[in-house]
Amino acid sequence: MNKKAIRILLIEDNANDVKLLSIELRRYFEITLVNVDDREGYLRELEIFDPTIVISDYNLPTFNGMEALEIRNRLYPLLPFVLVTGSLNEEIAVEVMKSGADDYVIKENLQRLYPSIEQAIERKQILKDKLRSERLLKEAEQRFRTLFMNTVIGLYRTTPEGKIIMANPALINLLGYNSFEELSKVNLETDVVAKDYPRDLFKETIEKNGEVIGFESEWRKHNGEKIFTRENARSVRDESGKILYYEGAVEDITAKKTIEEKLIEAKEKAEEMNRIKSNFFANMSHELRTPLIAILGFSEILLDSVNDNKDSKLMLENINYGGRRLLNTLEMILNIANLSNMRDDIRLNKTNIIPIIHNVYKTFVPKAEDANLQFSIASEKEEIICYIDPERLKNIIFNLLDNAIKYTEKGFVKVEIKKDNEHATIKITDSGIGIPEKKKEVIWEEFRQASEGYGRNYEGTGLGLSITKRLVELMGGLIELNDAEGGGSEFSVQFPIASFTNN
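Per the working numbering, the sequence shown starts with residue 953, numbered consecutively.
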């Protein structure tokens, strides 16, 4: 059997008794023993030797057990102390025990020494543990009190009926009271929580779950002012499960609520303005488009009937051209106005982009020929599948080709369609006027062009590229502008191919 190792400080002047005690102790313990017989040696070894237990004779030539016990009580009150003596009358035995000795043993009855030492060490360990627990509890209480008193969050403890048992300074200040005594006279449930926010849901939740998290309600301050609060609380119950009280933390979220309400109000106002705007543009579209179409229609009819009158024909052609330009401008303005709602209009489908691009390309062949431009299209594949809206892709290619031909007085415009493992890339390159570096970001903005002002050389609203960029991004794509080799511009549009996108 493994013996317990202990360190014994023995106060004894009789060498035979030291030997006898040592033999008895080694039967039960693995001991390290230091023997002293005077006060000086005792005090020295208490500090240096750090004993597990003190065993002392009662009578010594210059010292006695009661003095040793008094020193122990004063310097090391938790150190076990057992008195071992040749004889001890009843009065002295009572005095020794009252003075704090853990036990006493008569030398003629040393078989009691082992259980006496075990019990003395155990009692002192229990006392040490108790004192340590009390110290830790006191420290925890002090930390809690410091937190309770100094935190900026309001803390409380109430009965289930709403009587306030505890409240920290933050809560007292939050509710506008001067002291806890003043606050304790009101009921949290009936006097503080606004009647529009009954406590029933709070109590149901805490009854069911034992806690509530993020519970929002309206409270009234001492002066009647209303504030919005967010509350976290838990229930504390007795052994039978009955709720004794609620403990909670309260945060003032009035400013946050005010901002939220303003945001909601602004959102509703913006939605209303958007609705009004949509109605306005719908009406404007009808009111302007109808007479424009009539002008265009009648001008074309008149053109067919004035073959011999060159002056009339020129005027009618100018009327027709101006009308078409105005109609195109109207379409652009309506498109940009509807950009905010355009996401809902996008219909993504698994689509082969090659024939769509070719069809748009064909519509520009006459215009390119009239401008005497080299106009070409090349594709690495006959089929490239992307998730796109076919109509919106037509708009994108139309706008880019229209710009390329418009701003290229001589040279070429070419379309290239490529595919890698992840993307389809459509490049439209021209040898036109190009775009200055400082204008490369401006061109994506609404109503902006590389050439601006009344003296600009080219027609246009400055809306085409803004609409194009928005459409590309709404379909999950990317559009970039690069300088073309030898001058001009290169617009590159990328879309994820179908195998790398979700529908």
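Cβ coordinates follow ideal geometry from the N, Cα and C atoms, glycine included.
First through last residue of the beta strand (DSSP E) which encompasses residue i
i       : result
TYR1198 : 1195-1204
TYR1339 : 1337-1340
ILE1385 : Counting along the chain, ILE1385 falls outside any beta strand (DSSP E), and DSSP gives it neither H nor E.
ASN1434 : 1430-1435
LEU1123 : Taken as a continuous stretch (DSSP letters only), LEU1123 belongs to no beta strand (DSSP E), being part of the alpha helix (DSSP H) at 1121-1126.
PRO1112 : Segment: none, PRO1112 is in no beta strand (DSSP E) and carries neither H nor E.
ASN1373 : Segment: none, ASN1373 is in no beta strand (DSSP E) and carries neither H nor E.
LEU1300 : Where LEU1300 is concerned, there is no enclosing beta strand (DSSP E), given that its DSSP letter is neither H nor E.
ILE963  : 956-963
ILE1184 : Correcting the residue identity first, residue 1184 is Asn in this sequence and not Ile. Segment 1178-1189, the beta strand (DSSP E) holding ASN1184.
ALA1330 : 1326-1331
GLU1334 : No beta strand (DSSP E) contains GLU1334, which DSSP labels as neither H nor E.
SER1441 : 1441-1448
Residue nearest to residue i in terms of C-alpha spacing, selected from the options
i       : options                               : result
ASN1016 : GLU999, LEU1035, PRO1003 and ASP1002  : LEU1035
CYS1338 : LEU1140, GLU1269 and VAL1445          : VAL1445
ILE1058 : ILE1309, SER1383, LEU973 and THR1210  : LEU973
LEU1140 : TRP1171, GLU1163, GLY1386 and ILE1158 : TRP1171
LEU1300 : ALA967, LEU1345, GLU1334 and ILE1205  : LEU1345
ARG1151 : ALA1222, LYS1194, TYR1198 and GLY1193 : TYR1198
HIS1238 : PHE1443, LEU1279, ASN1270 and LEU1255 : LEU1279
ARG1109 : VAL1312, ILE1195 and ASN1061          : ILE1195
GLY1200 : GLU1335, ASN1120 and PHE981           : ASN1120
GLU1168 : GLY1162, VAL1145, ARG1189 and GLU1177 : VAL1145
SER1251 : THR1381, GLY1274, PHE1232 and ASN1231 : GLY1274
THR1360 : LYS1370, ALA967, THR1381 and MET1101  : THR1381
ALA1450 : ILE1419, ILE1387, LYS1421 and GLU1374 : GLU1374
GLU1332 : ASP1372, ILE975 and ASP1341           : ASP1372
LEU985  : GLN1063, ASP1002, GLU1134 and GLY1363 : ASP1002
LYS955  : LEU961, LYS971, ILE975 and PHE981     : PHE981
GLU1019 : ALA1045, SER1051 and PRO1032          : SER1051
ILE1309 : LEU1255, ARG1186 and LYS1370          : LYS1370
TYR1028 : ILE1044, ALA1053, GLU1043 and GLU1047 : ALA1053
THR1103 : THR1242, LYS1362 and VAL1202          : VAL1202
ASP1009 : SER1328, ARG979 and ASP969            : ASP969
LYS1115 : MET1267, TYR1056 and VAL1138          : VAL1138
ARG1189 : LEU1282, GLU1163 and VAL1258          : GLU1163
Residue burial classification, residue i (beta-carbon count within 10 angstroms, cutoff 16)
i       : result
GLU1411 : Bear in mind that the predicted position of GLU1411 carries a pLDDT of just 49, short of 50, making it unreliable; the figure below should be weighed with that in mind. Its Cβ having fewer than 16 others within 10 Å, GLU1411 is exposed.
VAL1006 : buried
PHE1474 : Outside the displayed span of the chain (953 to 1455) sits residue 1474, for which this structure offers no information.
VAL988  : buried
ILE1165 : exposed
ASN1355 : buried
ALA1122 : buried
TYR1406 : Reliability of the predicted coordinates at TYR1406 is poor, the pLDDT of 38 falling under 50, and no value is obtained from them.
THR1315 : exposed
GLU964  : buried
VAL1312 : buried
MET1427 : buried
ASP1435 : exposed
ILE1211 : exposed
LEU1215 : exposed
ASN1130 : exposed
ILE975  : exposed
PHE1232 : exposed
LEU1325 : buried
LEU1088 : exposed
VAL1046 : exposed
THR1037 : buried
LEU962  : buried
ALA957  : exposed
Delimiting residues of the alpha helix (DSSP H) encompassing residue i
i       : result
THR1360 : From DSSP, THR1360 is part of no alpha helix (DSSP H); its letter is neither H nor E.
LEU1140 : No alpha helix (DSSP H) holds LEU1140; DSSP gives it neither H nor E.
ASP1148 : Element bounds for ASP1148: n/a, residue is neither H nor E.
GLU1156 : 1152-1161
SER1458 : Any question about residue 1458 goes unanswered here, given that the chain covers just 953 to 1455.
ALA1320 : 1305-1322
GLU948  : The question about residue 948 has no answer here: the residues shown for the chain are numbered 953 through 1455.
Supposed contact pair residue j and residue i - C-beta distance, whole angstroms, cut 8 Å
i       : j       : result
LYS1080 : LEU1030 : 5 Å
ALA1376 : ILE1305 : 6 Å
LEU1248 : ARG1276 : 7 Å
THR1014 : ARG959  : Not quite, the Cβ-Cβ distance comes to about 24 Å (not below 8 Å), so this is no contact.
SER1441 : LEU1433 : 6 Å
THR1420 : ILE1357 : THR1420 to ILE1357, Cβ: 15 Å. No contact.
ASP1457 : ILE1179 : What is shown of the chain runs 953 to 1455, which leaves residue 1457 out entirely.
ASN1272 : LEU1244 : In fact, because the Cβ distance is near 11 Å, the residues do not count as touching under 8 Å.
GLU1269 : ALA1330 : The pair is not a contact, with the Cβ atoms about 36 Å apart (cut-off 8 Å).
Beta strand (DSSP E) segments (min. 3 residues) lying fully within the segment 988-1055:
1005-1008 and 1033-1037
Every unbroken alpha helix (DSSP H) inside the segment 1052-1110 [4 residues or more]:
1065-1102
Ignoring anything shorter than 4 residues or poking outside the segment 1200-1282, list the alpha helix (DSSP H) runs there in chain order.
1206-1257
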